[in-house]
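Participant: One structure, as structure tokens, below. Some questions next.
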Amino acid sequence: MVWWFDGFSERPDAVAFEVDGAALTWRRLEARAAGWAAALARRGVAAGDRVAVTGPSGLPVVTALVGHLRSGVAHVPVNARYREAEVRHILEDSGARLLVAPEGGEAAATARALGIEVVGLDAPELRAGGAPRWAGPPPEPAALGLIVYTSGTTGRSKGVALSQRALAANVGATTGLWRFSADDTLALALPLFHVHGLGLGVLGTLLRQMKALILPRFEPAEVVRAFAERGATVFMGVPTMYRQLLGHLARHPEAAASLGRGRLFTAGSAALPAADLEAFEGLTGQRILERYGMTETGFVLSNPYVGERLAGTVGRPVPGYAVRIVDEAGAPVASGVAGELEVRGDGLMDGYWGQPEATAASHRGGWFRTGDVASLGVDGAYRIVGRSSVDIIKSGGFKLSAREIEEVLGEDPRVAEVAVVGIADPLWGEQVTAVVVLAEGAAPIAEDALLAALQALATAKLADYKKPRAVRVVAELPRNALGKVQKHRLRDAAGSGPMPMPMPIK
Ligand code: MCA
Ligand code: AMP
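As structure tokens, then:
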């Protein structure tokens with residue numbers, strides 16, 4: 005098995021990570037991460053403990069991650085857009101010993117209010133490099149690597165506990181399939197708090213001894229510049245990024261040649277529209293390789309590196325994985341029939357952090373239930389055709405819980421009832437829409453004014469991308485005989501089309 009720490013001795017003077025003109029060679033990264041590991045040990049933070057990290061993508065975040073891996077400490081990434089309550093939940097639930105965060109920010113204040121020590125992203129402990137080499141033995145492969153919080157259909161977000169062994173197995177298999185190597189330079193514009201950017205991006209760079217150009221913000225022009233001037237060979241993006249790149253190419257046709265020089269472009273985290281794949285290929289000559297994954301499972305299905313990359317499909321199982329498609333009762337369905345995708349593999353999570361019951365409920369007969377609806381084509385490729393829950397929204401590659409947003413919007417006294425749904429959108433994949441029943445006696449209000457008020461309420465409490473982008477006022481919400489809101493009817497009415505699945509809506 006390839007392992008994180010190999011590159012440090014094999015290519016000490018090559019650049020591993022570069023951001024905003026600053027670069028870290030493997031040797032310097034080792035010194036910094038070893039210094040951070042020593043700083044943790046001085047504080048009594050030991051293998052199995054959790055350390056949370058938030059803030060902009062950059063070298064300190066990578067240094068912290070590597071120090072955590074070497075110490076066997078679980079790295080708990082926190083979305084840099086999160087607000088107080090969202091950060092507090094993760095710090096409390098994970099039992100974080102420490103938070104690494106920008107000084108003076110909301111996250112730092114939240115941690116201090118909970119009595120959790122904060123180390124600033126600018127702290128010398130993360131920048132100076134305290135020891136030239138690692139001290140002590142490397143961790144056991146079974147040591148925790150990441151705990152990544154993810155939204156579910158019910159309750160607060162859950163921590164997905166991923167062992168270093170699972171991460172190395174899956175990131176190794178996926179990057180092997182895609183032939184990542186020390187000759188590659190990755191243009192890394194994905195956020196470093198999800199498994200896409202942190203796992204495939206940072207861990208993939210460590211495993212394959214590549215060079216990563218970290219782009220702290222996704223800007224199409226910066227991606228193009230990475231290929232034109234900075235030697236990038238690989239880009240991984242969510243479909244929204246490809247949409248934005250297509251918009252950029254329409255305004256700057258000359259940029260297509262620069263992207264055309266790359267070796268590989270991959271997409272995932274949400275469905276890549278076939279038309280976008282074809283348009284990108286038409287302009288750049290690059291046929292995007294689409295794959296499917298999930299925080300709990302790692303990367304499960306992938307189109308081939310060599311061979312036909314079929315638009316609208318996510319290919320076949322990644323080595324180390326088996327999948328099946330089942331009906332409601334858990335019985336496998338025939339080829340071509342849609343059903344729930346279930347997964348087995350060596351990259352699966354250990355479980356939801358501190359939640360054995362939720363972990364057990366997410367499995368059936370040894371298979372992990374993804375909640376995604378898929379079908380297998382006669383071409384041997386899998387297609388993701390929907391989701392079994394209407395309470396999960398995927399916007400720009402971020403997973404959102406409709407319930408969490410409903411809870412906040414329901415605090416507005418004018419709102420008697422609210423149902424949040426994801427409406428199909430060409431840029432974001434799905435767009436957060438709130439369907440509202442006004443409280444009895446509430447003064448009439450235009451939908452625009454209500455939208456502005458609900459957006460203000462949402463952004464005061466939640467990450468900005470969770471706010472509703474549209475509001476519909478209705479006299480009542482459609483309900484079934486048991487009184488449950490029929491959200492699929494709201495989606496249909498808003499023009500998203502019927503849910504493409506043969507299963508009852510949960
Ligand atoms: C930003 N905005 C969004 C989103 N992102 N709105 C809806 N959905 C979003 N995802 C809004 C902001 O609220 C703001 O609105 C406006 O866009 C501009 O904000 P800005 O920060 O400039 O946006 P951006 O930088 O263009 O962000 C778009 C993005 C970002 C780069 C596509 O959303 C992103 O990094 N997405 C990647 C998520 C990801 O890595 N997912 C992987 C999960 P306003 O101005 O109105 O306030 S892991 C996973 O899914 C599995 C494992 C897998 O298979 O990969
Ligand atoms: P997350 O929980 O943020 O890791 O998101 C995982 C979810 O993203 C999956 O359960 C799918 O719903 C979705 N997803 C990931 N890749 C794809 C893809 N290529 N096509 C469609 N949906 C995808």
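All the letters of the sequence shown, read from the start, carry residue numbers 5 to 510 under the working numbering.
Heads up, the beta-carbon is just placed ideally off N, CA and C, and yes, glycines get one too.
Report the option in Leu33, Asp24 and Ser98 whose CA atom is closest to the CA atom of Ile16.
Facilitator: In the sequence on display, residue 16 carries Pro and not Ile. With distances taken between Cα atoms, Pro16 lies closest to Leu33.
Participant: For the region 385 to 462, which segments carrying the beta strand (DSSP E) assignment without a break, of at least 3 residues, lie completely within its bounds, in sequence order?
Facilitator: Runs of the beta strand (DSSP E) inside the region 385 to 462: 386 to 391, 396 to 399, 402 to 405, 419 to 429 and 433 to 442.
Participant: Can Ile397 be considered in contact with the ligand AMP, in the sense that its beta carbon sits closer than 8 Å to one or more heavy atoms?
Facilitator: Every heavy atom of the ligand AMP is 8 Å or more from the Cβ of Ile397, so no.
Participant: Three-state secondary structure (DSSP) at Phe197?
Facilitator: Three-state result, Phe197: coil.
Participant: Please determine if the region 249 to 265 and the region 309 to 329 are in contact, where contact requires at least 3 C-beta pairs separated by less than 8 Å.
Facilitator: Verdict: no, contact absent.
Participant: I'd like to confirm something about His79: is its beta-carbon nearer than 8 Å to some heavy atom of the ligand AMP, or not?
Facilitator: His79 Cβ: outside cutoff for every heavy atom of the ligand AMP.
Participant: Can you give me the start and stop residues for the alpha helix (DSSP H) that Ile218 sits inside?
Facilitator: Premise fails: Ile218 lies in the beta strand (DSSP E), Lys215 to Ile218, not in any alpha helix (DSSP H).
Participant: Return yes when the Cβ of Leu211 is within less than 9 Å of the Cβ of Trp7, no when it is not.
Facilitator: Result yes, Cβ atoms of Trp7 and Leu211 sit closer than 9 Å.
Participant: By Cβ distance below 8 Å, which residues in the same chain neighbour Glu110 in space, the five residues on each side in sequence not counted?
Facilitator: Counting only Cβ-Cβ distances below 8 Å, and skipping sequence neighbours, we find Arg87, Glu88 and Val91.
Participant: For His72, count neighbouring Cβ atoms within 10 angstroms of its own Cβ and tell me buried if that reaches 16, exposed if not.
Facilitator: So His72 ends up on the buried side.
Participant: Can you tell me whether Asp280 is buried or exposed? The criterion is at least 16 other CB atoms within 10 Å of its CB, across all chains shown.
Facilitator: Buried is the call here.
Participant: Tell me which residues share the same chain as Leu194 and place their Cβ nearer than 6 Å to its Cβ, disregarding the 5 neighbours each side in the sequence.
Facilitator: Excluding residues within five positions, the ones whose Cβ falls inside 6 Å are His200, Gly201 and Gly205.
Participant: Would you grab the beta carbon distance between Glu410 and Val424 for me? Rounded to a whole angstrom, and I think it's under 8 Å.
Facilitator: Right, the Cβ-Cβ distance comes to about 5 Å (below 8 Å), so this counts as a contact.
Participant: Please classify Ser13 as buried or exposed, where buried requires at least 16 other C-beta atoms within 10 Å of its C-beta.
Facilitator: Exposed is the call here.
Participant: If you check the beta carbons only, do Gly358 and Asp97 fall under 9 Å apart?
Facilitator: Taking 9 Å as the Cβ cut-off, Gly358 and Asp97 qualify as a contacting pair.
Participant: With the cut-off set at 9 Å, would you say Leu217 and Leu190 are in Cβ contact?
Facilitator: In this structure, Leu190 lies closer than 9 Å to Leu217 by Cβ.
Participant: Of the choices Pro143, Gly159, Val164 and Pro141, whose alpha-carbon is the least far from that of Val152?
Facilitator: With distances taken between Cα atoms, Val152 lies closest to Val164.
Participant: Where are the alpha helix (DSSP H) runs, 4 residues long or more, that stay fully inside the region 267 to 335, in chain order?
Facilitator: Counting whole runs of 4 or more residues, the region 267 to 335 contains the alpha helix (DSSP H) stretches 278 to 288.
Participant: Just verifying my parser: in three-state terms, what is the DSSP assignment at Ser75?
Facilitator: Three-state DSSP puts Ser75 in a helix.
Participant: Under 8 Å, with one C-beta from each stretch per pair, do the region 372 to 382 and the region 132 to 142 reach the 3-pair mark?
Facilitator: Verdict: no, contact absent.
Participant: Please list the terminal residues of the continuous alpha helix (DSSP H) segment that includes Gly251.
Facilitator: Taken as a continuous stretch (DSSP letters only), the alpha helix (DSSP H) holding Gly251 covers Pro243 to Arg255.
Participant: Is Leu276 near the ligand AMP, with its Cβ less than 8 Å from a heavy atom?
Facilitator: True, at least one ligand heavy atom lies under 8 Å from that Cβ.
Participant: Which residues bound the beta strand (DSSP E) around Thr374?
Facilitator: Its beta strand (DSSP E) spans residues Trp371 to Leu380.
Participant: Using a Cβ-based criterion (distance less than 8 Å to any ligand heavy atom), does Thr158 qualify as near the ligand AMP?
Facilitator: Not so, every heavy atom of the ligand AMP lies at least 8 Å from the Cβ.
Participant: Pick helix, strand or coil for Ser185, following the three-state DSSP scheme.
Facilitator: Three-state result, Ser185: coil.
Participant: Considering just the uninterrupted stretch of the beta strand (DSSP E) at Ser13, what are its terminal residues?
Facilitator: Run containing Ser13: none in the beta strand (DSSP E); it sits in the alpha helix (DSSP H), Asp10 to Glu14.
Participant: Relative to the alpha-carbon of Val394, which residue among Glu107, Thr158, Gly76 and Ala20 has its alpha-carbon at the smallest distance?
Facilitator: The option with the nearest alpha carbon to Val394 is Thr158.
Participant: Classify Ala51 as helix, strand or coil using the three-state DSSP reduction.
Facilitator: Coil, per DSSP.
Participant: For a test of your reading of the model: does the CB of Asp468 fall under 8 Å from any non-hydrogen atom of the ligand MCA? Yes or no.
Facilitator: Yes; taking the cut-off as 8 Å, the Cβ of Asp468 has a heavy atom of the ligand MCA nearer than that.
Participant: Going by DSSP in three states, Glu22 sits in which element: helix, strand or coil?
Facilitator: Strand, per DSSP.
Participant: Nearer than 8 Å: is that true of the beta carbon of Phe303 relative to any heavy atom of the ligand MCA?
Facilitator: Yes, the ligand MCA has a heavy atom inside 8 Å of this Cβ.
Participant: Could you check where the beta strand (DSSP E) with Glu233 kicks off and where it finishes?
Facilitator: No beta strand (DSSP E) contains Glu233, which is instead part of the alpha helix (DSSP H) from Pro224 to Glu233.
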